[in-house]
Amino acid sequence: MVGCLQGKVVLVTGAGRGIGREIALLAAAEGAAVVVNDLGVSPEGESTLETPAAAVVAEIVAAGGRAVANNDSITDAKAAQAMIEQAVGHFGRLDAVINNAGFLRDRIFHRMSHVDWEMVVDVHLTGYFNVSRAAATYFREQAHGSFVHFTSASGLVGNFGQANYAAAKLGVVGLSKSIALDMARYKVRSNCIAPFAWSRLIGTIPTDTPEEKLRVDRVKTMTAAKVAPLAVFLASDLSEDVTGQIFGSRKNEIFLFSQPRPVRSVQREQGWTPQTMAEHLLPAFKHSFFPLDRSADVFCWDPV
0 MVGCLQGKVV LVTGAGRGIG REIALLAAAE GAAVVVNDLG VSPEGESTLE TPAAAVVAEI
60 VAAGGRAVAN NDSITDAKAA QAMIEQAVGH FGRLDAVINN AGFLRDRIFH RMSHVDWEMV
120 VDVHLTGYFN VSRAAATYFR EQAHGSFVHF TSASGLVGNF GQANYAAAKL GVVGLSKSIA
180 LDMARYKVRS NCIAPFAWSR LIGTIPTDTP EEKLRVDRVK TMTAAKVAPL AVFLASDLSE
240 DVTGQIFGSR KNEIFLFSQP RPVRSVQREQ GWTPQTMAEH LLPAFKHSFF PLDRSADVFC
300 WDPV
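Start counting the sequence shown at 0; every next residue gets the next number (numbering that gives the first Met the number 0).
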């Protein structure tokens with residue numbers, strides 16, 4: 000059986016470990032040539048001497064696939080441009096970009112530093128823009144291409160201690176939708192995935208309470224390999240009519256997330272004052288207000 004990415008070229012960022020690694024391996028198994036990007040940083044974004052991208056490339060090549068390593072940072076716009084040029088120069092084309100790279104610097108909000116904020120937003124949002132923008136020109140010229148961006152339930156729903164990560168990941172949703180709208184005329188697609196899977200980043204979540212420990216134990220049953228098929232599907236021509244959507248992958252469950260739309264409306268012909276808002280608007284809207292849920296509150300059942 001011919002793989003769904005046969006003859007295609009895919010760039011996967013943050014592909015040295017975890018979800019990115021599983022995506023790179025499956026993309027290669029489905030016939031793609033893969034640019035395996037990974038900077039080799041710690042879970043908090045600190046530099047290390049590790050070169051995980053090379054190990055993944057070796058694994059792909061040993062299995063008979065084609066791959067090349069890239070060890071640059073997506074936060075550098077010139078480096079992001081070079082990744083695209085590397086893919087086209089080495090393999091002759093580029094068909095999909097999977098924006099997966101990232102790290103966490105979790106802090107409760109009143110203790111979060113400007114460095115914590117800037118580093119996380121720089122990689123998860125600006126970095127995704129850098130790579131996408133570099134690929135967009137090439138995709139436009141060939142009138143074909145797919146972007147797959149990793150968002151998070153932390154941004155879509157909420158979580159403690161992740162204001163930087165949640166803001167960036169919700170920003171990714173806006174970025175993806177804008178790309179989908181702007182580039183639809185060139186047959187370029189853009190979608191998001193919120194993954195639920197155990198990784199070294201999830202391993203940084205505190206387990207100080209029984210509830211936190213239960214949550215982490217539940218996540219441990221969800222492997223990164225379970226997320227890869229959705230990413231590969233969205234990168235392939237099998238999903239040629241799918242764009243501007245937000246999906247979730249949780250073990251064997253796949254979700255389609257809602258997108259913000261009005262849920263209630265009130266009007267007064269004479270206009271509003273703060274007082275009439277309290278008297279009229281608040282009672283009308285109150286029962287539709289969203290609670291301060293976290294991801295664990297919404298996805299409270301054991302993964303299937």
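A virtual CB, placed ideally from N, CA and C, is assigned to each residue, including glycine.
CB of residue i within 8 angstroms of CB of residue j, strictly
i, j, result
"A196", "I22", "no"
"V171", "A134", "no"
"V306", "R188", "With the chain represented from 0 up to 303, any question about residue 306 goes unanswered, as that position is not in the structure."
"V8", "A28", "no"
"V98", "T12", "Val is not the amino acid found at residue 98; the sequence shown has Asn there. Against a cut-off of 8 angstroms, the Cβ pair of T12 and N98 comes out as a contact."
"V119", "N69", "no"
"I178", "S131", "yes"
"I192", "F246", "yes"
"L4", "V231", "yes"
"E252", "V215", "no"
"V147", "L237", "no"
"D105", "G160", "yes"
"F102", "V122", "yes"
"V67", "H89", "yes"
"H143", "K186", "yes"
Among the options, the one whose alpha carbon lies nearest that of residue i
i, options, result
"V297", "Q80, V156, V215, L38", "V156"
"W300", "A283, L237, R249, E278", "R249"
"V40", "A57, A14, A62, A78", "A14"
"D181", "F149, D207, T136, P273", "T136"
"A76", "L124, Q258, V34", "L124"
"F288", "V218, V147, P302, S264", "S264"
"A283", "R267, G173, K186", "R267"
"L25", "P228, G126, T208", "P228"
"V34", "G63, E84, V1, A62", "E84"
"E49", "A81, E58, R16, G30", "R16"
"V60", "M82, A86, G30, L213", "G30"
"A165", "E117, E210, E239", "E117"
"L255", "A223, P194, H286", "P194"
"A54", "A79, A224, R20, M82", "R20"
CB-CB length for residue i against residue j, believed under 8 angstroms
i, j, result
"Q244", "N190", "5 angstroms"
"T74", "N36", "No, T74 and N36 are not in contact; Cβ-Cβ is about 12 angstroms, not under 8 angstroms."
"K168", "S151", "4 angstroms"
"S72", "L38", "5 angstroms"
"S294", "S153", "6 angstroms"
"G126", "A100", "6 angstroms"
Backbone secondary structure at residue i - three-state DSSP
i, result
"E268", "coil"
"E239", "coil"
"L10", "strand"
"P194", "strand"
"R315", "This structure gives no information on residue 315, because the portion of the chain shown stretches from 0 to 303."
"F256", "coil"
"V171", "helix"
"V226", "coil"
"N158", "coil"
"N163", "helix"
"R217", "helix"
"F246", "strand"
"V1", "coil"
heavy atom of the ligand FMN below 7 angstroms from residue i C-beta
i, result
"L233", "Among the components modelled here there is no ligand, and therefore nothing to report on the ligand FMN."
Query raised in the report: Can you list, in chain order, the stretches of the beta strand (DSSP E) that have 3 or more residues and sit fully within the region 18-96?
Result: For the region 18-96, the continuous beta strand (DSSP E) assignments of 3+ residues that do not extend past its boundaries occur at 32-36, 65-69, in sequence order.
Query raised in the report: Which full runs of the beta strand (DSSP E) of 3+ residues lie inside the region 117-149, going along the chain?
Result: Runs found: 144-149.
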